[in-house]
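Below you'll find the structure, written out as structure tokens, and then a few comments.
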Amino acid sequence: MDLTEEWLLRAADLALTHYSIGEARLVEVTNRIDGIGNIKFRVEPRNKQGRFLLSINYPIEDVPKRDVIESCLLWLAALCRDTDLVLPKPVPNRAGNLVTEILSVDEVEESVVCTLLHWIEGKKLSRATDFQRLPSVHVGRMGAIMAQLHQQARNWKLPTGFTRPIRFGSEDMQALLMGLYGRISRAEFAVLEEASQYIDGSIGALEKTDQTWGLIHGDLHPANCVLYGGEVRVIDFDSCGFGYYLSDMAQSLMLLTAPDLRRVFLKGYESLCKLSGSYRRTIEAFLIKSKVRSWSLRGEDRSHPVPQFITSVTRECRHYLVNEPFLFAG
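Written as structure tokens, this is what we have:
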């Protein structure tokens with residue numbers, strides 16, 4: 000269905016009737032459905048008592064079900080309670096539920112799941128360029144924030160029925176490589192294919208213990224952070240799920256190409272959570288896999304260039320195959 004502006008506003012207005020915030024102005028934050036079917040609005044109440052983020056989860060293929068969305072909000076609510084982090088706290092509806100389900104909007108006879116969060120004030124960062132220009136103190140703080148998330152996840156008892164997807168590690172890297180087949184040279188593909196066998200074996204052999212595996216943010220990069228008064232704040236937990244804590248770190252380090260910034264991020268993390276002596280090679284495995292996944296997902300667009308990516312990841316694979324560290328290489 001082609002979602003018109005009128006339909007979106009109608010869905011948003013219907014959702015807000017379930018919350019006790021009074022009349023409000025809606026400002027669309029996203030101009031398209033994102034990867035998991037969300038359309039988001041900033042909600043500005045007329046009484047000026049704070050601002051909110053309203054998400055309309057349209058029922059398209061692979062959109063999370065209600066219990067999956069609710070589980071994300073349950074973790075967010077627990078994080079707000081258990082840590083001192085400034086996070087988008089969920090707002091219950093009048094019935095006390097964290098999600099609101101509208102059975103139909105105009106002619107669309109499909110349920111629409113809606114959520115409301117407190118708006119996090121701050122300046123949005125761009126995905127890549129601003130990350131490289133962030134002061135080291137902010138990068139270190141991001142590492143410390145990730146450590147706080149992991150600490151809370153280790154100690155939090157999951158509610159009955161809690162369900163989130165598995166993130167990073169369940170898919171086969173060789174399968175991911177098929178998204179690059181025909182877009183890179185045979186020699187480059189051969190290097191990635193050889194490394195993938197070792198990487199899949201290494202990740203597959205990792206133990207899932209309370210100290211290594213649990214709930215992770217899954218997408219902690221600059222576009223999911225804001226700066227407010229010199230403070231880094233993390234937002235957007237839509238991609239949270241279960242995974243290895245080191246894979247969560249690799250996702251962030253993938254966008255930190257400067258060795259010094261990677262060290263600062265890890266130092267920030269270790270200010271709260273110490274890493275084992277063998278963490279470096281495991282992060283490198285997840286880092287390569289994250290890069291391949293990122294570009295494999297763009298595989299349908301055969302016109303999208305990959306020269307810079309392939310030069311980087313092929314070099315890292317060659318290092319990995321001979322156990323030569325590259326995480327902090329220039």
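Heads up: the sequence shown begins at 0 in numbering that gives the first Met the number 0, then just goes up one per residue. Backbone N, C-alpha and C fix where the C-beta goes; we use that ideal spot for every residue, glycine too.
{"Asked": "Express the C-alpha separation of residue 238 and residue 34 in angstroms, rounding to a whole number.", "Found": "Residue placement at residue 34 is flagged as unreliable, the pLDDT there being 46, under the threshold of 50; the coordinate-derived value follows with that caveat. When rounded, the distance between both Cα atoms is 10 Å."}
{"Asked": "Taking its Cβ as the centre, do 16 or more other Cβ atoms sit within 10 Å of residue 46, making it buried, or is it exposed?", "Found": "exposed"}
{"Asked": "Quick check: what's the CA-CA separation for residue 282 versus residue 23?", "Found": "45 Å"}
{"Asked": "Under 9 Å, do residue 75 and residue 88 count as touching if we go by C-beta distance?", "Found": "yes"}
{"Asked": "Can you check the stretch 241–297 for any beta strand (DSSP E) of at least 3 residues that lies completely inside it and give the ranges in chain order?", "Found": "none"}
{"Asked": "According to DSSP, is residue 79 helix, strand or coil?", "Found": "helix"}
{"Asked": "Does the CB of residue 7 have a neighbour CB from chain B at under 9 Å?", "Found": "Of the protein chains in this structure there is only one, and it is not chain B."}
{"Asked": "Kindly list the residues whose CB is nearer than 7 Å to the CB of residue 121, restricted to its own chain and excluding five residues on each side of it in sequence; keep chain order.", "Found": "225, 226, 227 and 232"}
{"Asked": "Tell whether a beta-carbon distance below 9 Å holds between residue 286 and residue 260.", "Found": "no"}
{"Asked": "Considering only the alpha carbon of each residue, which of 132, 139, 123 and 53 lies closest to residue 99?", "Found": "53"}
{"Asked": "With a Cβ-Cβ cutoff of 9 Å, do residue 153 and residue 267 count as a contact?", "Found": "no"}
{"Asked": "Between the Cα of residue 257 and the Cα atoms of 294, 160 and 134, which residue gives the shortest distance?", "Found": "134"}
{"Asked": "Using the three-state DSSP reduction, which class does residue 134 fall into: helix, strand or coil?", "Found": "coil"}
{"Asked": "Once you ignore the five residues that flank residue 155 on each side, which residues in its own chain have a CB closer than 6 Å to its CB?", "Found": "77"}
{"Asked": "Between the beta-carbon of residue 51 and the beta-carbon of residue 90, is there less than 9 Å?", "Found": "yes"}
{"Asked": "Please report the Cβ distance between residue 295 and residue 175, rounded to the nearest whole angstrom; I am assuming they are in contact, meaning their Cβ atoms lie under 8 Å.", "Found": "4 Å"}
{"Asked": "What do you get for residue 114, buried or exposed, if any count of 16 or more other CB atoms within 10 angstroms of its CB means buried?", "Found": "buried"}
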